[in-house]
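One structure is given here, and the rest of the page talks about it.
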Amino acid sequence: MNQPTNGNPSNHHQKQPSVIDISKKGRQKLRSRHFAEASELFSLGLEREPENPYLLSGMGDACRETGHYSEAERCYCNLLDVDNNNLFALRGLGDVCKKLNRHREAIQFWDRYLALRPQDKFVMTRVADSCKILQQFERAEQVYQQILKLSPGDRFALTGVADLQHRMGKDESAIETYEKVLRFDENELHILTIIGKLCWRISDFERAEKYFRRALQIEPDNPYALYGLGNCYRWHRQYDKAIEIWEKILPHSEGTQALHTRLGDAYYNLGRFAEAEQSYRHSLKFGEDLFSTAGLVCLCSDRNDWENAAHFFRLLTADETDVSNPLEILIKRFIRAGQKESMLELFRYLLSAGDCHQTVLDELACQLKRLT
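Per this note's numbering: the sequence shown = residues 49 to 420.
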């Protein structure tokens with residue numbers, strides 16, 4: 049009796065995997081983050097069953113994970129054509145829209161999802177985060193609070209609430225909420241520096257210093273913590289220590305305009321005028337800055353360099369429609385430095401030069417009258 053050959057059609061048919069097997073293997077590849085292999089399997093299955101919901105959702109997930117958002121969106125939309133209330137498609141479309149910064153559309157899909165599964169805190173968090181980005185703060189807070197009712201102490205909801213309070217200027221509430229977030233990880237650097245900054249903003253300087261120091265124990269070169277700690281020394285008028293701390297930032301970074309301005313002020317207060325001038329000029333490389341420009345006016349006036357003093361004065365008052373604030377900053381700076389005579393000499397020089405706009409002169413005369 050003849051044995052069946054390898055070319056028997058029935059044997060060939062038995063070797064072909066079922067769509068169910070393809071779907072299962074695709075899901076396994078998806079879970080192990082082998083997205084290219086998952087896509088190949090789902091694509092193979094869709095050639096045979098183009099409306100299969102499991103294959104469409106799997107293909108959508110694989111495409112979304114690899115950044116092929118248009119293809120992911122097409123798969124999810126095809127799935128909704130088959131099943132208008134498919135949870136995987138609604139959640140996936142929301143995620144795709146979020147990635148494409150289409151937050152209003154994302155919220156609409158997630159809202160449809162939550163109408164079917166109202167206690168999914170992960171999707172609720174997505175809704176709140178997108179509302180926050182759209183500055184829909186009232187709804188964002190409402191959703192975060194709903195999450196916290198379902199899961200008191202939820203880390204992501206607490207972080208969201210804290211960030212929302214931070215954005216809305218509710219500094220003390222934000223500090224309190226961020227401190228709850230720290231219970232999950234007391235060494236979370238980002239949160240430590242934020243709390244330090246918020247404590248500084250409400251003038252709780254001792255507490256701010258404590259948080260900046262905690263951050264620096266974790267990362268000694270962290271620029272945000274170094275800048276904040278330097279500000280604490282500056283508040284104590286310990287300018288030499290402030291400079292020492294701030295200068296630790298510069299080997300790793302060019303620094304910010306605010307950093308160079310404050311360095312200039314610290315050098316100025318210590319009488320290190322050459323270094324002050326260098327820092328102020330460095331600050332102006334970033335763009336206009338009232339405080340650095342006012343500092344250079346004072347420095348030049350103090351050494352009777354009236355030409356350069358007048359140059360920086362004109363930069364300070366270049367916007368003739370709004371000279372009140374710049375002049376107030378400058379006059380206060382002169383007086384604080386005990387340079388009232390230098391200030392008056394500069395103004396006499398400007399009058400004699402005859403090239404100041406009348407608006408500037410009128411405001412200058414008005415502010416000087418307040419001093420007498």
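All residues carry an ideal CB built from backbone N, CA and C; glycine is no exception.
- The continuous alpha helix (DSSP H) containing Lys380 extends over residues 372 to 384.
- Secondary structure of Ser80 (DSSP, three-state): coil.
- Ser349 is a Cβ neighbour of Leu394, given a cutoff of 8 Å.
- The Cβ-Cβ distance between Leu240 and Arg255 does not fall below 8 Å.
- Counting C-beta pairs closer than 8 Å gives three or more between the segment 264 to 276 and the segment 238 to 253, which meets the contact rule.
- For Asn356, the enclosing alpha helix (DSSP H) has its first and last residue at 354 to 364.
- Secondary structure at Ile297: coil, using DSSP grouped into helix, strand and coil.
- Leu338 is the residue among Gly303, Pro65, Leu338 whose C-alpha sits nearest the C-alpha of Asn373.
- Excluding sequence positions up to five before and after Lys180, its CB lies within less than 8 Å of the CB of Ala188, Gly208, Asp211, Leu212, Arg215, all in the same chain and listed in chain order.
- Pro101 carries a helical assignment under DSSP once its states are collapsed to helix, strand and coil.
- With fewer than 16 neighbouring CB atoms inside 10 Å of its own CB, Asp269 falls in the exposed class.
- The distance from the Cβ of Leu78 to that of Ala110 is about 6 Å, consistent with a contact at the 8 Å cut-off.
- Straight-line measurement puts the Cα of Ala176 at about 14 Å from the Cα of Tyr161.
- In chain order, Ser349, Asp350 place their CB closer than 6 Å to the CB of Ser390, counting only its own chain and leaving out the 5 sequence neighbours on each side.
- Assignment of Met216 by DSSP, reduced to helix, strand and coil, places it in the coil class.
- Minimum Cα-Cα distance from Leu332 among the listed residues Phe360, Gly106, Cys280, Glu355 corresponds to Phe360.
- In the DSSP annotation of this structure, the continuous segment of the alpha helix (DSSP H) that includes Gln265 starts and ends at 253 to 266.
- DSSP, read as helix, strand or coil, puts Gly115 in coil.
- Contact annotation: Leu148 and Tyr117 have beta-carbon atoms nearer than 8 Å.
- Between Gln406 and Ile379, the gap from beta carbon to beta carbon reaches 8 Å or more.
- A contact between stretches requires three or more CB pairs, one per stretch, nearer than 8 Å, and the segment 124 to 140 meets this requirement with the segment 96 to 109.
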